[in-house]
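*Asks:* Residue 710 is where the sequence shown starts when you use our numbering, and the numbers rise one by one after that.
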Amino acid sequence: MKTKTGALYFIDDFKLNDYLSFGIGYRYDRVKYNPEYIPGVTPKIPDDLVTNLYITDPKFDPSDLTSPENQARREANANANIKKIAQPKKFSASSYSLNTTVDPLDWLRLQAKYSKAFRAPTSDEIYFTFKHPDFSVLPNKDLEQETAKTKELSVTLHNDVGYISTSVFETRYNNFIDLVYKGNKQLQGHSKLRPFNVYQNINRPNAKVTGFEIVSQISLNDLAKILNGFNLSYKYTYQKGRMDGDIPMNAIQPRTAVYGIGYVHSDDKFGLDLYITHAGAKQAKDTYNMYHKDEGKKDSSIKWRSNSYTTIDLLGYIKPIKNLTLRAGVYNLTNRKYVTWDSARSIRPFGTSNLIDQKTGLGINRFNAPGRNYRLSMQLEF
């Protein structure tokens, strides 16, 4: 596979006066894939994954595994489909962003942003072909590029003591690229007792993600002399995503709140931060089990989800000499046992990996996040 990429972009911010400023950005991307498949030379593509995928001639009998003549037709069918799949693909698009900032008062800032972005399918999403009973992937030569348009508004209140900022956004996707489960399929030449679970990357017509965020920080210097250098912070994030109307997007994280208290030495010789993070439980209505039809279930939600949890992290740094910074952290200070949503959604109902007992949950502890853990780093600047 040969891949050629190119991009041209510019960005500029300009200020009209003390109250109004603008930002503009533009980017042009071009991506070209040129697959090289030589029968008998490059790694062989599984024939029974591509036969009759796009081309149905020459016709053959899938159940006949012994006749040389039938095998020749089967091989010819597979090669015709491989040739159809292994065609060069080219994608190009313009992306842009526009934003404006208004400061009508010394303590108030209003911001608005509109942007358009694009994502070309990766070469794996188009051409990758893999065969295994638990996970087989079909190529998709017709995969189109994904585009997204985002609108965002934010309001910030600020002064010398601190700030609080609230933002809301909406992103709408066209041709959203998603790996979907195509069901159990019997591949030619294999026992019907062992169907293959087949997946394929497709373009969903549309998808939408909405959300809002609150970020704030306040300095405690003015409250009391003993509090000089201390600050309090807070961050709250909420998102909701849907595809094809009302299908939940499993990649969306549960709502999260982070509370912080920090201290920075007046000469920045050392500092300390304590963060308390609370993640909400992943709600059933915000999950989608792509296997529910094959499992004979009407409920399309995922059974094993993450519960709410709270963790505490302690981070610090010290600068013993000029240009040298030592950083250390204790994460999950209370040694809390919990499962993140990313880990929970990786649990599969069948196969040979990421399995648990679907009835009792036995084995789910393997998906727990790390307990109390430590990190140490050194940074030397010169």
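Glycine residues also receive a C-beta, built at the ideal position from the N, C-alpha and C atoms.
Being a predicted model, the structure only gives us computed values, none of them experimental.
Using the three-state DSSP reduction, which class does Phe979 fall into: helix, strand or coil?
*Replies:* For the purposes of this step, residue 979 is identified with residue 270 of the sequence shown, where counting begins at 1. Residue state, collapsed to three classes: strand.
*Asks:* Could you check whether Thr810 and Ser730 sit closer than 7 Å to each other, using their CB atoms as the reference points?
*Replies:* Working through the sequence shown from its first residue, we reach residue 730 at position 21. Working through the sequence shown from its first residue, we reach residue 810 at position 101. A contact, by the Cβ cut-off of 7 Å.
*Asks:* According to DSSP, simplified to helix, strand and coil, what is Phe939?
*Replies:* Taking the sequence shown and counting its residues from 1, the one referred to as residue 939 is at position 230. It is a strand residue.
*Asks:* Give me the residue from Thr1034, Ile961, Ala988, Lys1002 with the minimum Cα distance to Gly980.
*Replies:* By one-based count along the sequence shown, residue 980 stands at place 271. Among Thr1034, Ile961, Ala988, Lys1002, the Cα nearest to that of Gly980 belongs to Thr1034.
*Asks:* Report buried or exposed for Gly950, applying the criterion of at least 16 other Cβ atoms within 10 angstroms of its Cβ.
*Replies:* As a first step, residue 950 must be located in the sequence shown, where it is residue number 241. Buried, since its Cβ has 16 or more Cβ neighbours within 10 Å.
*Asks:* Taking C-alpha atoms, which residue in Asp727, Arg739, Gly969 lies nearest to Tyr718?
*Replies:* Mapped onto the sequence shown, residue 718 falls at position 9. Of the listed residues, the one whose Cα sits closest to Tyr718 is Arg739.
*Asks:* How would you write the range of the alpha helix (DSSP H) that Gln820 sits in, first residue to last?
*Replies:* Against the sequence shown, residue 820 aligns to sequence position 111. No alpha helix (DSSP H) contains Gln820, which is instead part of the beta strand (DSSP E) from 817-828.
*Asks:* Straight-line CA distance for Ile927 to Asp1022?
*Replies:* One-based indexing of the sequence shown puts residue 927 at position 218. One-based indexing of the sequence shown puts residue 1022 at position 313. Inter-residue distance for Ile927 and Asp1022 is about 20 Å (C-alpha atoms, whole angstroms).
*Asks:* Can the beta-carbon of Asn1082 be found less than 7 Å from the beta-carbon of Val1048?
*Replies:* Position 373 of the sequence shown, counted from the first residue, corresponds to residue 1082. Position 339 of the sequence shown, counted from the first residue, corresponds to residue 1048. Result no, Cβ atoms of Asn1082 and Val1048 do not sit closer than 7 Å.
*Asks:* For the beta strand (DSSP E) containing Glu855, name the first residue and the last one.
*Replies:* Walking along the sequence shown from the start, residue 855 turns up at place 146. 855-867 is the span of the beta strand (DSSP E), which, as asked, contains Glu855.
*Asks:* Can the beta-carbon of Gly1005 be found less than 7 Å from the beta-carbon of Tyr984?
*Replies:* Start at 1 with the first residue of the sequence shown, and residue 1005 comes out as number 296. Start at 1 with the first residue of the sequence shown, and residue 984 comes out as number 275. Inclusion of Gly1005 and Tyr984 in the CB contact set at 7 Å is not warranted, their separation being larger than that value.
*Asks:* From Ile873 to Asp1008, what distance separates their C-alpha atoms?
*Replies:* If you number the sequence shown from 1, residue 873 lands on position 164. If you number the sequence shown from 1, residue 1008 lands on position 299. Taking the straight line from one Cα to the other gives about 41 Å.
*Asks:* Less than 6 Å between C-beta atoms, sequence neighbours within five positions excluded: which residues of the same chain meet that for Phe939?
*Replies:* Within the sequence shown, residue 939 is the residue found at index 230, counting from 1. Cβ within range, chain order: Leu929, Tyr972.
*Asks:* Pick out whichever of Ile791, Lys1031, Phe1091 has its Cα sitting closest to the Cα of Asp977.
*Replies:* For this step, residue 977 is matched to residue 268 along the sequence shown. The option with the nearest alpha carbon to Asp977 is Lys1031.
*Asks:* Tell me which residues share the same chain as Ile754 and place their Cβ nearer than 6 Å to its Cβ, disregarding the 5 neighbours each side in the sequence.
*Replies:* Counted from its first residue, the sequence shown places residue 754 at position 45. Excluding five sequence positions before and after Ile754, the CB atoms of its chain that fall closer than 6 Å to its own CB belong to Ile791, Thr838, given in chain order.
*Asks:* Look at Tyr737 and Ser806 and say whether their C-beta atoms are less than 7 Å apart.
*Replies:* The residue given as residue 737 occupies position 28 in the sequence shown. The residue given as residue 806 occupies position 97 in the sequence shown. At the C-beta level, Tyr737 and Ser806 stay beyond 7 Å of one another.
*Asks:* Checking 7 Å against the spacing of the C-beta atoms, do Glu853 and Asn884 come in under that value?
*Replies:* Locating residue 853 in the sequence shown gives position 144, counting from the first residue. Locating residue 884 in the sequence shown gives position 175, counting from the first residue. Contact flag set, yes.
*Asks:* Give me the Cβ distance between Asp766 and Ala787, rounded to the nearest whole Å; I'm assuming they're in contact under 8 Å.
*Replies:* The residue given as residue 766 occupies position 57 in the sequence shown. The residue given as residue 787 occupies position 78 in the sequence shown. Contact flag wrong, Cβ pair sits at about 12 Å.
*Asks:* Check each candidate in Pro842, Lys850, Ile1011, Arg828 and name the one with the smallest Cα separation from Tyr836.
*Replies:* Translated into positions along the sequence shown, residue 836 becomes position 127. The candidate whose alpha carbon is nearest that of Tyr836 is Lys850.
*Asks:* Hey, quick one: how far does the alpha helix (DSSP H) through Glu745 stretch, first residue to last?
*Replies:* If you number the sequence shown from 1, residue 745 lands on position 36. Element bounds for Glu745: n/a, residue is neither H nor E.
*Asks:* Indicate whether Arg913 and Asp955 have their beta-carbon atoms separated by less than 7 Å.
*Replies:* As a first step, residue 913 must be located in the sequence shown, where it is residue number 204. As a first step, residue 955 must be located in the sequence shown, where it is residue number 246. Going by C-beta atoms, Arg913 is not nearer than 7 Å to Asp955.
*Asks:* What does DSSP give as the partner residue(s) for Val967 in the beta ladder?
*Replies:* For the purposes of this step, residue 967 is taken as residue 258 along the sequence shown, with counting starting at 1. According to DSSP, Val967 bridges with Lys944, Thr986.
*Asks:* Return the CA-CA distance between Ile794 and Arg782, expressed in angstroms with no decimal places.
*Replies:* In the sequence shown, the residue the question calls residue 794 occupies position 85. In the sequence shown, the residue the question calls residue 782 occupies position 73. Taking C-alpha positions only, Ile794 is separated from Arg782 by approximately 18 Å.
*Asks:* Quick check: the Cα distance between Pro1029 and Leu936, rounded to an integer number of angstroms?
*Replies:* Taking the first residue of the sequence shown as 1, we reach residue 1029 at position 320. Taking the first residue of the sequence shown as 1, we reach residue 936 at position 227. If I take the Cα positions, the gap works out to 23 Å.
*Asks:* DSSP on Phe844, reduced to helix/strand/coil?
*Replies:* Position 135 of the sequence shown, counted from the start, is the residue given in the question as residue 844. Here Phe844 sits in coil by DSSP.
*Asks:* Can you name, in chain order, every residue of its own chain whose Cβ lies under 8 Å from the Cβ of Leu814, other than the five neighbours on each side?
*Replies:* In the sequence shown, counting from the first residue as 1, residue 814 sits at position 105. If the five residues before and after Leu814 are omitted, its C-beta is found closer than 8 Å to no C-beta atom of its own chain.
*Asks:* Runs of 3 residues minimum, wholly inside the region 763-815: which ones carry the beta strand (DSSP E) assignment?
*Replies:* 798-814
*Asks:* Could you give the first and the last residue of the continuous beta strand (DSSP E) run that contains Ser874?
*Replies:* Indexing the sequence shown from 1 puts residue 874 at position 165. Where Ser874 is concerned, the enclosing beta strand (DSSP E) stretches over 871-894.
*Asks:* Alpha carbon to alpha carbon, what distance is there between Asp1066 and Lys991?
*Replies:* Along the sequence shown, read from residue 1 onward, the residue named residue 991 stands at position 282. Along the sequence shown, read from residue 1 onward, the residue named residue 1066 stands at position 357. The alpha-carbon atoms of Lys991 and Asp1066 are separated by roughly 20 Å.
*Asks:* With H, G and I counted as helix, E and B as strand and the rest as coil, what does DSSP make of Tyr735?
*Replies:* Your numbering for residue 735 matches position 26 in the sequence shown. Strand, per DSSP.
*Asks:* In whole angstroms, what separates the C-alpha of Asn998 from that of Tyr882?
*Replies:* The residue given as residue 998 occupies position 289 in the sequence shown. The residue given as residue 882 occupies position 173 in the sequence shown. In a straight line, the C-alpha of Asn998 is about 21 Å away from that of Tyr882.
*Asks:* Beta-carbon within less than 7 Å of Ser863's beta-carbon, same chain only, minus the 5 sequence neighbours each way: which residues are those?
*Replies:* Sequence index remark: in the sequence shown, residue 863 carries index 154 (1-based). A distance below 7 Å between beta-carbons, with the five flanking residues on each side excluded, links Ser863 to the following residues of its chain, in chain order: Gln820, Ser874, Thr875, Ser876.
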